[in-house]
Structures are given as structure tokens and as C-alpha cells.
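Participant: Dropping a structure here in C-alpha cells format, bear with me for questions.
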Amino acid sequence: AQSVTQLDSHVSVSEGTPVLLRCNYSSSYSPSLFWYVQHPNKGLQLLLKYTSAATLVKGINGFEAEFKKSETSFHLTKPSAHMSDAAEYFCVVTPASGGSYIPTFGRGTSLIVHP
Amino acid sequence: GAVVSQHPSWVICKSGTSVKIECRSLDFQATTMFWYRQFPKQSLMLMATSNEGSKATYEQGVEKDKFLINHASLTLSTLTVTSAHPEDSSFYICSAPRPGANNEQFFGPGTRLTVL
Chain A
119 AQSVTQLDSH
129 VSVSEGTPVL
139 LRCNYSSSYS
149 PSLFWYVQHP
159 NKGLQLLLKY
169 TSAATLVKGI
179 NGFEAEFKKS
189 ETSFHLTKPS
199 AHMSDAAEYF
209 CVVTPASGGS
219 YIPTFGRGTS
229 LIVHP
Chain B
795 GAVVSQHPSW
805 VICKSGTSVK
815 IECRSLDFQA
825 TTMFWYRQFP
835 KQSLMLMATS
845 NEGSKATYEQ
855 GVEKDKFLIN
865 HASLTLSTLT
875 VTSAHPEDSS
885 FYICSAPRPG
895 ANNEQFFGPG
905 TRLTVL
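In C-alpha cells, the structure reads:
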């Protein structure tokens with residue numbers, strides 16, 4: 119079994135300030151973890167992924183995330199928010215191998231960026 | 795990177811008609827595809843798992859006779875919303891895991907269905 123908890127439904131930041139979107143997971147298997155971004159009326163775009171290699175993962179648009187097994191967390195960060203980062207962000211977990219690979223989604227976090 | 799397409803990107807139909815949505819993996823073979831429904835300001839809700847050459851697996855509460863899924867080839871899955879009603883209006887998204895990609899999902903761009 120697996121689950122994902124995105125702790126914040128909304129995060130509001132000012133342009134140029136750091137972004138932190140929190141994600142905790144549970145999984146019976148070694149997990150693969152992903153962050154996706156969705157702009158209004160668009161599909162999901164992969165930001166970054168953890169697949170049992172380096173625990174600090176760098177993604178597109180300056181985002182990065184750190185896999186912390188002891189804390190079962192995979193928080194998404196960015197040093198400086200840009201207006202174009204305003205969107206919905208989803209944390210997703212699947213088994214890295216074996217078992218059912220149906221992805222489990224977090225509820226999503228809406229990132230609001232103020233000028 | 796891997797690409798998944800959906801067609802149409804949006805559709806408006808009258809109540810009682812049926813609508814077919816296509817999901818294609820353009821550069822890899824997908825024995826499994828997933829269909830999701832997304833309401834405004836909410837996460838994706840898995841509707842069903844589409845399996846090439848066999849019956850789809852529906853999530854609890856999803857009517858299989860209402861949402862017909864056909865996965866006739868390794869690159870195409872279709873979702874048909876039969877006898878659509880206004881409450882079926884939603885954003886429908888498909889995804890497919892690419893073999894060898896650690897179960898990374900490649901998402902289609904979504905289809906906005908509006909039933910009048």
C-alpha cells in the first residue's frame with residue numbers, strides 16, 4: 119500500500135522569495151517519487167523525479183527536491199519564486215519496481231505568487 | 795522525452811450523446827494506460843486502468859457501462875462516455891508508464907468535456 123500527503127492545500131509567496139511545498143509519503147515498496155506541475159486547463163508536466171539514485175534531485179525551472187527516507191519526505195523547493203511558477207503542484211508515488219504500479223497522487227498544492 | 799497525446803483537447807456535446815476520447819503513446823508502447831477525472835481545484839481521481847488486449851480495471855464507484863474503455867493496441871486507449879449528462883462534464887486525463895522508466899507517468903494534455 120502507498121499514500122501521499124501534501125501538507126498544504128495553498129502556499130502563498132512573494133516573487134523572489136523561496137518556495138517550499140511539502141510532501142510526505144508511505145509505501146510498502148521502495149518508492150519512486152515525482153513532482154508534477156499543472157497550469158490551468160493543461161496536462162501535467164514532470165518537474166523532477168527520485169528513482170533510488172541521488173537523494174537530492176534537481177529538476178526543471180530551478181526546482182529541486184530531497185528524498186529523506188528517515189522522514190518519509192520529498193519536499194519541493196525553489197530558491198526564488200517567479201510569477202510563472204503560480205500553478206498546481208502534485209506529489210506522486212509509485213513502487214520503483216514490483217507490486218502494483220498504479221500511481222498515487224497527493225491532493226495538490228496551489229502555489230500563489232504575489233508581485 | 796516520451797509523449798502522450800489526447801484527442802480531442804476539448805469537446806462540447808448535448809446531453810444523451812456519447813463522446814470518445816483517444817489517448818495515444820507516440821514514441822513508446824504502453825501495455826497499460828490510466829484514465830483520470832479531475833474536477834476544478836481538485837486532484838486527479840483514477841477512474842480505471844486500461845490493459846492492452848484485456849478488460850479494463852475500474853476503480854470503485856466508477857460505472858463501467860458509463861465509461862467504456864478499449865485498449866485495442868499498444869499505443870491507443872479510448873474512453874467513451876456513453877449517454878453523457880451535465881454531471882459528466884469534467885477534465886479527463888490519461889497517462890502511461892514508459893517501460894524502463896521507473897514507473898514514471900507520461901501524461902496526456904487532457905480533454906475538457908462539457909455536456910450541455
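If you're matching them up, the sequences are chains A and B in order.
So that you can map any letter, position 105 of the first sequence is 223 in this note's numbering, and since no number is skipped, the others follow by simple counting.
So that you can map any letter, position 82 of the second sequence is 876 in this note's numbering, and since no number is skipped, the others follow by simple counting.
All C-beta atoms, glycine included, are put in the ideal place defined by N, C-alpha and C.
1) Please return the same chain residues whose Cβ sits closer than 7 Å to the Cβ of Ser883(B), not counting the five positions on each side in sequence.
2) Secondary structure at Ile220(A), three-state DSSP: helix, strand or coil?
3) Listing by chain order, which chain B residues have their CB less than 8 Å from the CB of Ile220(A)?
4) Listing by chain order, which chain B residues have their CB less than 9 Å from the CB of Ala214(A)?
5) Under 9 Å Cβ-Cβ, which residues of chain B neighbour Phe208(A)?
6) Roughly how many angstroms lie between the CA atoms of Ala878(B) and Val856(B), to the nearest whole one?
7) Do Pro213(A) and Ser145(A) have their C-beta atoms within less than 8 Å of each other?
8) Report the CB separation of Ala320(A) from Thr195(A) in whole angstroms; it is logged as a contact under 8 Å.
9) If we require 3 or more residues per run, which beta strand (DSSP E) segments fall completely within the stretch 124–151 of chain A?
10) Return helix, strand or coil for Pro834(B), following the three-state DSSP convention.
11) Counting only the same chain and skipping the five closest in sequence on each side, list residues whose C-beta sits under 6 Å from that of Glu206(A).
12) Apply the 10 Å Cβ neighbour rule to Val175(A) and answer buried if 16 or more other Cβ atoms are within range, or exposed otherwise.
13) Anything in chain B within Cβ reach of Gly98(A), meaning under 8 Å, just list it in chain order.
14) Using only the alpha-carbon positions, how far apart do Tyr219(A) and Ser809(B) sit?
15) At a CB-CB cut-off below 9 Å, which residues of chain A make contact with Ile863(B)?
16) Please state if the CB of Val210(A) and the CB of Tyr147(A) are separated by a distance shorter than 8 Å.
Facilitator: Let's see:
1) Leu907, Thr908, Val909
2) coil
3) Phe828, Leu840, Thr843
4) Asn896, Asn897
5) Ser837, Leu838
6) 14 Å
7) yes
8) As displayed, chain A neither begins before 119 nor continues past 233, which places residue 320(A) out of reach and without an answer.
9) 128–132, 137–139, 141–145
10) coil
11) Gln156, Gly226, Ser228
12) buried
13) No answer is possible for residue 98(A): the residues shown for chain A start at 119 and end at 233.
14) 35 Å
15) None at all; the shortest Cβ gap to chain A is about 15 Å.
16) no
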